[in-house]
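Please read the structure below before turning to the comments.
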Amino acid sequence: MAIAVDTPTVFAAPGQPGSLVELKSRYDNFIGGEWVAPVGGAYRENLSPATAEPFCEVADSTPADIELALDAAHAAKDAWGRRSPAERAAVLDAIADAMQENLEMLAVAESWENGKPVRETLGADLPLAIDHFRYFAGAVRAEEGSISEIDEQTYAYHFREPLGVVGQIIPFNFPLLMAAWKIAPALAGGNCTVIKPASPTPWSLLKLAEVIEDVVPPGVLNIVNGSGAEVGRALGSSKRIAKIAFTGETVTGRLIMGYAAQNLIPSTTELGGKSPNIFFEDMLDADDELLDKAIEGLVLYAFNKGEVCTCPSRALIQESIYEEFMGRALERIRAISQGNPLDPSTQIGPQVSRAQLEKIESYVQIGLDEGAELLIGGHAPVMEGELADGYYFEPTVLKGENSMRVFQEEIFGPVLAVTTFRDEQEALEIANDTMYGLGAGVWTRDGSRAFRMGRAIQAGRVWTNCYHLYPAGAAFGGYKSSGVGRENHRMMLDHYTQTKCLLVSYDPKPLGFF
Amino acid sequence: MPGRVSATPPVLELLERLGARYGPLVIHQSGGCCDGSSPICLPAGELPPGPADVLLGTVGDTPVYIDGDQDERWKRPELVIGLSHGAAMGFSLEGVEEMHLVVHSTEGR
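Protein sequence lines, in the order shown, are assigned to chains A and B. Numbering-wise (the working numbering), the first sequence opens with residue 41 and increments by one. Numbering-wise (the working numbering), the second sequence opens with residue 830 and increments by one.
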């Protein structure tokens with residue numbers, strides 16, 4: 041992702057004078073192309089983590105609202121599923137165009153609600169989300185079925201047909217990008233969707249709905265906000281969906297797969313990781329751009345304040361280069377600027393919620409209690425003015441052993457656990473000694489070693505001499521306890537369709553059994 | 830059976846309220862992404878323990894489980910479940926009260 045930011049001044053917060061983002065005091069659900077008040081009439085305050093102050097209210101829905109959304113989706117699904125691939129692609133492209141026209145506005149909204157720095161939403165979240173719609177607009181037009189010649193007079197024609205109505209539950213860490221990952225292939229495949237955003241980030245997707253409501257046919261995309269316990273459960277366990285997709289923690293992942301089993305529908309789950317980022321000694325053979333890239337590659341654990349399923353939260357550094365490499369990395373970490381997420385110079389903003397901040401604080405203490413050495417950070421910083429109550433935590437590095445809990449458990453914050461290895465064999469053992477297998481990074485100037493490591497690491501995505509790139513055409517998903525299924529890549533069109541086989545005989549002769 | 834889990838008084842009160850609303854409860858210690866590593870409180874029938882789950886003990890009348898592999902990697906901890914403000918994103922029931930369960934743990938025996 042290119043970080044290109046040329047806006048020098050701090051963006052005004054949504055609703056403030058001069059802000060790019062219009063703000064209403066209250067937001068309803070988006071159902072059937074309309075803004076629909078929740079049946080129970082309840083709303084919930086929505087905070088910015090930068091200030092811990094509420095800035096709007098969002099529907100606090102009940103299962104009845106999920107039923108309304110499912111009604112709308114079912115009413116729309118036949119017509120949408122019959123639209124030609126070119127027509128569906130045109131809608132996806134129109135979504136992308138509307139997002140592009142409103143890129144800065146959506147980037148500011150996303151940043152203020154989630155706390156991620158606006159330089160990231162401008163340079164990564166929004167451009168990637170836009171490209172995701174364009175990718176699937178292209179991919180669906182290039183899809184073809186297949187024909188098998190069973191024998192001279194018998195042919196199997198294979199078509200991909202829509203599933204119908206799908207349920208999709210979005211995490212809080214990339215509210216717009218993760219929504220794009222789920223919406224784009226679902227709509228491209230000819231499905232209608234009901235979406236439940238994450239409780240800490242219910243709003244930015246509604247701002248997206250405002251800019252695309254005229255280009256998406258009513259009922260194709262529906263958004264219902266509320267608690268996971270009531271609204272998420274009502275959606276995930278509904279008999280009226282044909283697939284459920286979820287990103288989040290392992291227990292809810294098990295629940296989702298259980299509901300899918302009870303309803304005999306497919307599910308995809310993406311459940312996180314504890315991704316190793318491995319730096320071999322040959323990185324220091326030259327003091328060049330690639331070394332600089334590798335140092336940034338380590339510091340990417342602080343990207344999106346560490347709230348990334350593939351956060352490179354375990355750094356494995358070959359012991360012969362540890363002192364020099366880590367010294368340079370710590371210099372870079374010390375220079376990270378922390379502050380208002382709407383300041384384009386800010387590199388790390390607040391954690392998404394108080395729940396996250398408290399978890400991070402408790403894990404740093406667990407690490408110290410286990411004997412890890414604190415190399416930098418470790419505290420909630422003192423912030424000034426309106427940021428004083430924000431959920432900030434300093435970029436932190438703990439040095440220790442892979443058996444420690446801070447190396448085994450996903451902290452979901454800017455906390456790096458670093459250790460050393462002697463040789464390639466030990467690096468591999470440490471990398472694979474985890475319950476999870478979502479991402480990994482390998483940094484070396486030796487192409488053969490990079491290939492060996494890449495193939496041997498038990499993870500669904502191994503970045504080689506790069507990290508945190510998320511192009512739409514590269515498959516993403518977990519090994520081991522990191523979930524079941526994939527996202528991204530045109531293979532998603534298979535995951536959001538079902539196979540119809542027309543088996544046709546051109547032979548007039550009876551079989552002769554009866 | 831002496832358990833490896835306890836809960837603060839606010840959690841015990843919360844479980845009574847949730848129990849009155851949802852019936853018998855179960856808590857599973859979670860892992861992974863987002864709310865990972867948080868205790869997740871569910872109606873008891875929603876996620877029956879599997880063969881790989883380890884019973885840590887009970888808090889009030891509510892059984893608390895952890896995945897067996899996770900238990901090993903966490904070094905068989907003793908857990909203290911607490912309560913804090915603000916909803917998390919998963920399906921844990923206390924989210925309806927705009928609260929979230931937190932876990933404090935120490936290395937086990």
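Just so it is clear, CB atoms sit at the ideal spot from N, CA and C, and this is done for glycine as well. Bear in mind the structure is a predicted one, so any value in this text is a computation, not a measurement.
Under a criterion of Cβ atoms nearer than 9 Å, no residue of chain B is adjacent to Q465 of chain A; the nearest Cβ is some 22 Å distant.
No residue range can be given for T474 of chain A, since it is assigned to no alpha helix (DSSP H) and is classified by DSSP as neither H nor E. A residue is called buried when at least 16 other Cβ atoms come within 10 angstroms of its Cβ; I406 of chain A meets this threshold and is buried. The contact set of Y432 of chain A on chain B, defined by CB atoms closer than 9 Å, is empty, because the minimum CB distance reaches about 15 Å.
Between the C-alpha atoms of S315 of chain A and Q193 of chain A there is a straight-line separation of about 53 Å.
Fully contained in the segment 223-259 of chain A are the following alpha helix (DSSP H) runs of length 4 or more, in chain order: 244-252. Taken through DSSP and simplified to helix, strand or coil, H114 of chain A comes out as helix. The count of Cβ pairs closer than 8 Å, one atom from the segment 61-79 of chain A and one from the segment 386-405 of chain A, stays below three, leaving the stretches out of contact. Going by DSSP, E845 of chain B is part of the alpha helix (DSSP H) stretching over 838-851.
Assigned with DSSP and collapsed to three states, M323 of chain A falls in helix.
Taken through DSSP and simplified to helix, strand or coil, H933 of chain B comes out as strand. Going by DSSP, D191 of chain A is part of the beta strand (DSSP E) stretching over 186-191.
Taking C-beta atoms as the reference points, H933 of chain B and A917 of chain B fail to come closer than 8 Å.
Nearest CB-CB separation between R833 of chain B and chain A: not below the 8 Å threshold.
The alpha-carbon of A224 of chain A is positioned some 29 Å away from that of I388 of chain A. Going by C-alpha positions, R181 of chain A is about 6 Å away from A126 of chain A.
Here R174 of chain A carries a helix assignment [DSSP, helix/strand/coil].
CA-to-CA, the gap between T460 of chain A and G861 of chain B works out to about 24 Å. Shown here, V205 of chain A sits in a strand according to DSSP, grouped into three states. Closest option to V251 of chain A, judged by alpha-carbon separation, among A:V524, A:M145, A:C541: A:M145. In chain order, D864, S867, P868, I869, C870, L871, H929, L930 place their CB closer than 8 Å to the CB of S921 of chain B, counting only its own chain and leaving out the 5 sequence neighbours on each side.
Here G517 of chain A really is in contact with R526 of chain A; their C-beta atoms are around 4 Å apart, less than 8 Å. With a contact defined as Cβ atoms closer than 8 Å, M475 of chain A and D898 of chain B qualify at about 6 Å.
What L876 of chain B touches in chain A, judged by beta-carbon distance under 8 Å, is V291, R294, L295, G298, going in chain order. Under the three-state reduction of DSSP, I71 of chain A is assigned to strand.
Contact between V840 of chain B and V888 of chain B holds, with the beta-carbon distance rounding to 7 Å and staying under 8 Å.
Rounded to whole angstroms, T241 of chain A and R280 of chain A show a C-alpha spacing of 25 Å. With respect to the 8 Å criterion, S278 of chain A and I71 of chain A are not classified as neighbours on the basis of their beta carbons. Among the CB atoms of chain A, none fall inside 8 Å of the CB of R850 of chain B.
Out of B:R846, B:G911, B:G879, B:P906, the CA that lies nearest to the CA of L885 of chain B is found in B:P906. Annotated three-state conformation of N442 of chain A is coil, per DSSP.
Under the DSSP assignment, K314 of chain A falls outside any beta strand (DSSP E); it carries neither an H nor an E label. At a Cβ-Cβ threshold of 8 Å, V50 of chain A and D383 of chain A count as neighbours.
According to the DSSP assignment, R501 of chain A belongs to no alpha helix (DSSP H) but to the beta strand (DSSP E) extending over 501-504. Counted as a single uninterrupted DSSP element, the stretch harbouring A285 of chain A is not any alpha helix (DSSP H) but the beta strand (DSSP E) occupying residues 283-287.
A check of alpha carbon separations from A226 of chain A across A:Y362, A:L203, A:P237 identifies A:L203 as the nearest.
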